[in-house]
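Chains as they are written, first to last, in full-length UniProt numbering: chain A, 1 to 404; chain B, 1 to 404.
Backbone N, C-alpha and C fix where the C-beta goes; we use that ideal spot for every residue, glycine too.
Below: the structure, in C-alpha cells.
Protein chains: 2
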Amino acid sequence: MKKPTIVVLGAGYGGLMTVTRLQKALGQNEAEIVLVNKNDYHYETTWLHEASAGTLHHDRVRYPIKSVINSKVKFIQDSVLEVKTENKKVILENGEISYDYLVIGLGPESETFGIQGLKEYAFSISNVNTARKIRDHIQLQFATYSTEVEKNEDRLTIVVGGAGFTGIEFLGELANRVPELCKEYDIDFQKVRMYCVEAAPAVLPGFDPELVDYAVSYLEKKGVEFKIGTPIKGATPEGIIVAKGEDEVEEIKAGTVVWAAGVRGNSVIEASGFEAMRGRIKVDLDMRAPGHDDIFIVGDCALIINEEINRPYPPTAQIAMQQGEVIAKNLTKLVRNESDLETFTFENKGTVCSLGEDNAIGVVFGKKVTGKTASFMKKMVDNRALLMIGGASLVAKKGKFNVL
Amino acid sequence: MKKPTIVVLGAGYGGLMTVTRLQKALGQNEAEIVLVNKNDYHYETTWLHEASAGTLHHDRVRYPIKSVINSKVKFIQDSVLEVKTENKKVILENGEISYDYLVIGLGPESETFGIQGLKEYAFSISNVNTARKIRDHIQLQFATYSTEVEKNEDRLTIVVGGAGFTGIEFLGELANRVPELCKEYDIDFQKVRMYCVEAAPAVLPGFDPELVDYAVSYLEKKGVEFKIGTPIKGATPEGIIVAKGEDEVEEIKAGTVVWAAGVRGNSVIEASGFEAMRGRIKVDLDMRAPGHDDIFIVGDCALIINEEINRPYPPTAQIAMQQGEVIAKNLTKLVRNESDLETFTFENKGTVCSLGEDNAIGVVFGKKVTGKTASFMKKMVDNRALLMIGGASLVAKKGKFNVL
Numbered sequence: 001m002k003k004p005t006i007v008v009l010g011a012g013y014g015g016l017m018t019v020t021r022l023q024k025a026l027g028q029n030e031a032e033i034v035l036v037n038k039n040d041y042h043y044e045t046t047w048l049h050e051a052s053a054g055t056l057h058h059d060r061v062r063y064p065i066k067s068v069i070n071s072k073v074k075f076i077q078d079s080v081l082e083v084k085t086e087n088k089k090v091i092l093e094n095g096e097i098s099y100d101y102l103v104i105g106l107g108p109e110s111e112t113f114g115i116q117g118l119k120e121y122a123f124s125i126s127n128v129n130t131a132r133k134i135r136d137h138i139q140l141q142f143a144t145y146s147t148e149v150e151k152n153e154d155r156l157t158i159v160v161g162g163a164g165f166t167g168i169e170f171l172g173e174l175a176n177r178v179p180e181l182c183k184e185y186d187i188d189f190q191k192v193r194m195y196c197v198e199a200a201p202a203v204l205p206g207f208d209p210e211l212v213d214y215a216v217s218y219l220e221k222k223g224v225e226f227k228i229g230t231p232i233k234g235a236t237p238e239g240i241i242v243a244k245g246e247d248e249v250e251e252i253k254a255g256t257v258v259w260a261a262g263v264r265g266n267s268v269i270e271a272s273g274f275e276a277m278r279g280r281i282k283v284d285l286d287m288r289a290p291g292h293d294d295i296f297i298v299g300d301c302a303l304i305i306n307e308e309i310n311r312p313y314p315p316t317a318q319i320a321m322q323q324g325e326v327i328a329k330n331l332t333k334l335v336r337n338e339s340d341l342e343t344f345t346f347e348n349k350g351t352v353c354s355l356g357e358d359n360a361i362g363v364v365f366g367k368k369v370t371g372k373t374a375s376f377m378k379k380m381v382d383n384r385a386l387l388m389i390g391g392a393s394l395v396a397k398k399g400k401f402n403v404l
Numbered sequence: 001m002k003k004p005t006i007v008v009l010g011a012g013y014g015g016l017m018t019v020t021r022l023q024k025a026l027g028q029n030e031a032e033i034v035l036v037n038k039n040d041y042h043y044e045t046t047w048l049h050e051a052s053a054g055t056l057h058h059d060r061v062r063y064p065i066k067s068v069i070n071s072k073v074k075f076i077q078d079s080v081l082e083v084k085t086e087n088k089k090v091i092l093e094n095g096e097i098s099y100d101y102l103v104i105g106l107g108p109e110s111e112t113f114g115i116q117g118l119k120e121y122a123f124s125i126s127n128v129n130t131a132r133k134i135r136d137h138i139q140l141q142f143a144t145y146s147t148e149v150e151k152n153e154d155r156l157t158i159v160v161g162g163a164g165f166t167g168i169e170f171l172g173e174l175a176n177r178v179p180e181l182c183k184e185y186d187i188d189f190q191k192v193r194m195y196c197v198e199a200a201p202a203v204l205p206g207f208d209p210e211l212v213d214y215a216v217s218y219l220e221k222k223g224v225e226f227k228i229g230t231p232i233k234g235a236t237p238e239g240i241i242v243a244k245g246e247d248e249v250e251e252i253k254a255g256t257v258v259w260a261a262g263v264r265g266n267s268v269i270e271a272s273g274f275e276a277m278r279g280r281i282k283v284d285l286d287m288r289a290p291g292h293d294d295i296f297i298v299g300d301c302a303l304i305i306n307e308e309i310n311r312p313y314p315p316t317a318q319i320a321m322q323q324g325e326v327i328a329k330n331l332t333k334l335v336r337n338e339s340d341l342e343t344f345t346f347e348n349k350g351t352v353c354s355l356g357e358d359n360a361i362g363v364v365f366g367k368k369v370t371g372k373t374a375s376f377m378k379k380m381v382d383n384r385a386l387l388m389i390g391g392a393s394l395v396a397k398k399g400k401f402n403v404l
C-alpha cells in the first residue's frame, strides 16, 4: 500500500506547527509530508511592526524553514495559485503536486474595503518585504527633509490607519523610533507628527477600557495624535482624505501612510471555489473545511465563532498554533485509519499588546497587566512561539531577552 | 586699542585648520576669533563616499565643532549669504557680522555643466545630508524591488557619472556594499548593475596608468561596468541619456544616478563680487584674494596653479589643510603688525584613491602602492586629518583602525 501524502500550504504559525508536530508523531513509512512556502524562511508576523518601524532588524524576525523541519519533510519553495479539490491537486506557480490530505495555512491579505488609493499609496505591514520597505521609506523621507531647501514638513508626518492590534503596536514602536530618527537625521522632534486614524469609535475594540485608556494616554504623551471615529475616505500621493462630520472631508498631508486596519483570508481560497467569507472558511469542529474530509484549514483562513460573544475569534498566532496541534493529531489519526477526530477548542492564554520596547498592556491568565511586567510577558509570548515550533535552540537564537 | 576680529567662514578642512592653529598661536587679548558654519559639526568630505554607499555610518564621518575649538573662538551656526567687502561685513541668513580679517573657507557646489535633468534626478555626494539620502534611496530601491509583483530590474541599476576620484572611491564602496544589500534584501546579485559613465577618455586622469589599470580591472571583477568616453546628455526620472557615437544617443535605465563628475567653488564668491572662475579665486602667493589685504581664501574656493603642468591643483583636504596652516601664520603676523607674510607652496605628500574597505591605489612619497598596503596608507591619511585638527583624542574617537 502506498503511503499517503500530506501537503501543507504555508509555513506560518499554523502550517509550521502542523508540520513540526507531524514530523514527531509520524514514522518515516507512515506518510509523506510536503511543505510548500513562498519563501525559504518563516517570519514572525507578530513582530513585523518592529521591523517596519526599524526598531528590530528584519533578519531577527525570520528564520530558515530548514532549521525546524527534519528529513521526513520535503520542502518546496513556490507560490500557491489554486487548489483543485476534485482531483486533489495543488497548482503552484512552477508546477503542481498531488495530495491525499491537505492543510491550508496560507497567510492573510490586506483588506482595503474599496477605499480609493489605499492600494497604491499606503503601505501594509504584511511580510518581511513590506516591513523593510516601510522602514526604508520613512528613513528616506527624513533624509529628504534634511536635504531639501524648501522644507516640506508633511514629509515627516506618519499616518497609521487603524487603532487595532497592529496599528497600536506599530505606533508603540514608532513612538520610540521617531526620536532616534530625529537625532539620526538632525531633525527637530516637534516637526514630526504621528496620527492614528480609526473609523470605529474606539481604540483596541474588545480590550479592557482601563487598559485602552492607559495605552492611549501613554502614546499621546509620546506624541501620537488620535483621530477616532474618523473614517479614511481615500489616499493620495500627498496623504489621506478623512471624513469630517456628516458631509465634509479633510485632508491630512503625510509622507507615509500605513494601512493597518484590515486583513482578510487568502484569495487562493476563493480561487479554489471554497465557500468563504472574505477568504475565510467557517471550519468544522475538527478543523476541516465543510464537505472536504481531506482538507484542513489552519490560521488566517480558518473562521471559528467565539460563542460567548457570537463573533469570530481574531486570527492570532496563539489560535493558529493551537489549531496546528489539533490538525497534526487529527492527521495522524486519519493516516492510521482512526476515526475519532479531536475537536478544537480555543484556550485563551491571554493577550498582550506591545507599546514599544518597555511597555505593554494585556490580560494574562485573567489578570490585567501594564508597564514592564506586561512588556516582559509580551516577550515571553514571543519566545513561546519560537519554543513551540523550533525548541529551545531556536529561542536561544531568535528569542527576546533584552528586558528588565 | 580695540582687538581685531578674525572671521572664518566654513568649518571644513581649511577653515578648521585655520581656526585651530589660530587659537593656539594667538593670546586671548590679541584677537577675537569667530567661526561661522552652517552645521554645528565638521564632516570628513573625503569619507562621504562611504556614508553614501552605506559602508560607514554617517555619524562616523562627522564630529562636533565644539570638540576641537576652545574658549578663544566664538562659534556661530548660520549660513553665509554674501560678503560686503566695502564695509567689511558678512551677511548671514540670520544676522550679520563685521570683520577686520576674513577667511573664506566655504565648501564647493556640484557643477552640472548645464546637463539637463541632473539637478533634478541625480544625487550628489556633497555633505552628510546628501550622503544619507543616497544610502537610503538605494536601500528603498532594493526594498521596493523585493515587494513589487512585476519586478523592475532597472531599479537595481546604479549609475555613477564621473570616473574621477569621488566616482571611483564611491564605486569601490558600492562594489562591497551591493553584495551585502543583495543578501539583506534577498536579491540575486546578477540582477544588479553598476555603471561608471565618464565623458573623458580616461579613468582617474592624472593618475599613473598602471595604477589606473589595476583599479579598473579590480572594479570590473567586482561587477562595475565602465563606459568611458561617453558623455551624459541628460538625466530623467528613469535614468540617463548618453551619447553613442557622433549623433546617436542611448538610454541607460537606472533607479539611482549619482553625479560625481564636477564641483565648483561656492556661489557666495560670485554673489560677493569677487573675480573668480567657477567660484574659485586665483589667490596671491600669501593666500589672499587679489586686491583684498584683509581677506584670505582657503580650500575649495582657492585656485592655485601647479606650474609643473600649468593646471590648477585639484581641491583636496591635503592642500586645504596646508593652506590653513599658512593662513593662520599670516593672520598672526598681521595681528602683530608684522609684514613679512609667508608664501604658500604645496608639498604633495602623495595621493591614495580608495577602492573599498581593503584595497586602494596610490603614490606615496613617490612610490606606487596597491592592495592592503595602499588601503592602510589611505586610512593613515584619513587619521592624519583628524590628528592635525583635533589631536590624538579625536583620532581615538573617530579614526580608522580596522585594517591588516
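Non-local C-beta neighbours of residue 34 (chain B) in its own chain, meaning closer than 6 Å and more than five positions away in sequence, comprise 7, 74, ordered along the chain. In the three-state DSSP reduction, residue 194 (chain A) falls in the strand class (E or B).
Within the segment 162 to 189 of chain B, those residues whose Cβ lies closer than 9 Å to any Cβ of chain A are, in chain order, 184, 185, 186. Only residues of its own chain outside the window of five on either side were considered, and among them 13, 16, 17, 20, 42, 68, 321 have a CB closer than 8 Å to the CB of residue 389 (chain A), listed in chain order.
The beta carbons of residue 283 (chain A) and residue 230 (chain A) sit no closer together than 8 Å.
Around residue 116 (chain A), the same chain offers 234 as residues with beta carbons nearer than 6 Å, after the five sequence neighbours per side are excluded.
In this structure, residue 133 (chain A) sits away from residue 79 (chain A), with a CB-CB distance that is not shorter than 8 Å.
Apart from the 5 residues on each side of it in sequence, residue 173 (chain B) sits with its Cβ closer than 6 Å to the Cβ of 49, 50, 53, 55, 356 in its chain, given in chain order. The DSSP assignment places 239 to 244, 248 to 253, 256 to 259, 295 to 297 as complete runs of the beta strand (DSSP E) inside the segment 238 to 311 of chain A, in order along the chain (cut-off: 3 residues).
According to the DSSP assignment, residue 157 (chain A) belongs to the beta strand (DSSP E) that extends over 157 to 161.
A buried status is given to residue 300 (chain B), since no fewer than 16 other beta-carbon atoms sit within 10 Å of its beta-carbon.
Non-local C-beta neighbours of residue 381 (chain A) in its own chain, meaning closer than 7 Å and more than five positions away in sequence, comprise 352, ordered along the chain. The contact set of residue 155 (chain B) on chain A, defined by CB atoms closer than 7 Å, is empty, because the minimum CB distance reaches about 12 Å. Flagged as an interface residue toward chain B: residue 139 (chain A), by a C-beta distance shorter than 8 Å. Between residue 136 (chain A) and residue 368 (chain A), the CB-CB gap reaches or exceeds 8 Å. Here residue 347 (chain A) has 322 as same chain residues with Cβ atoms under 8 Å from its own Cβ, once five neighbours each way along the sequence are excluded. For residue 60 (chain B), not one C-beta of chain A is nearer than 8 Å to its own C-beta. Relative to residue 103 (chain B), the option among B:120, B:395, B:264, B:292 whose CA is nearest is B:292.
Look at the segment 121 to 152 of chain A: the residues with a C-beta under 7 Å from a C-beta of chain B are 129, 130, 132, 133, 136, 137, 139, 140, 143, 144, 146, 147. Within the DSSP secondary-structure output, residue 179 (chain A) pairs in no beta bridge. Assignment of residue 170 (chain A) by DSSP, reduced to helix, strand and coil, places it in the helix class. Scanning the segment 27 to 66 of chain B for uninterrupted beta strand (DSSP E) segments of 3 residues or longer gives 32 to 37, 41 to 43, 62 to 64, listed from N- to C-terminal end. In the three-state reduction of the DSSP assignment, residue 125 (chain A) falls in the coil class, being assigned neither a helical nor a strand state. Here residue 99 (chain A) carries a coil assignment [DSSP, helix/strand/coil].
When secondary structure is reduced to three states using DSSP, residue 371 (chain A) falls in the helix class. Excluding its 5 nearest sequence neighbours in each direction, residue 218 (chain A) has C-beta neighbours in its own chain below 7 Å: 355, 359, listed in chain order. Here residue 187 (chain A) carries a coil assignment [DSSP, helix/strand/coil]. Going by C-alpha positions, residue 263 (chain B) is about 27 Å away from residue 155 (chain B).
Within the same chain, 82, 83, 85 come within 7 Å of residue 272 (chain A) by CB-CB distance, once the 5 residues on both sides are set aside. In the structure shown, the three-state DSSP call for residue 217 (chain B) is helix. Taking the Cα of residue 92 (chain A) as reference, the smallest distance to any Cα among A:76, A:100, A:124 is reached at A:76. Residue B:129 holds the alpha-carbon nearest to the alpha-carbon of residue 149 (chain A) among B:289, B:160, B:129, B:146. Contact between residue 252 (chain A) and residue 242 (chain A) is confirmed by a C-beta separation of about 6 Å, below the 8 Å threshold.
DSSP places residue 15 (chain A) in the helix class (H, G or I) of the three-state scheme.
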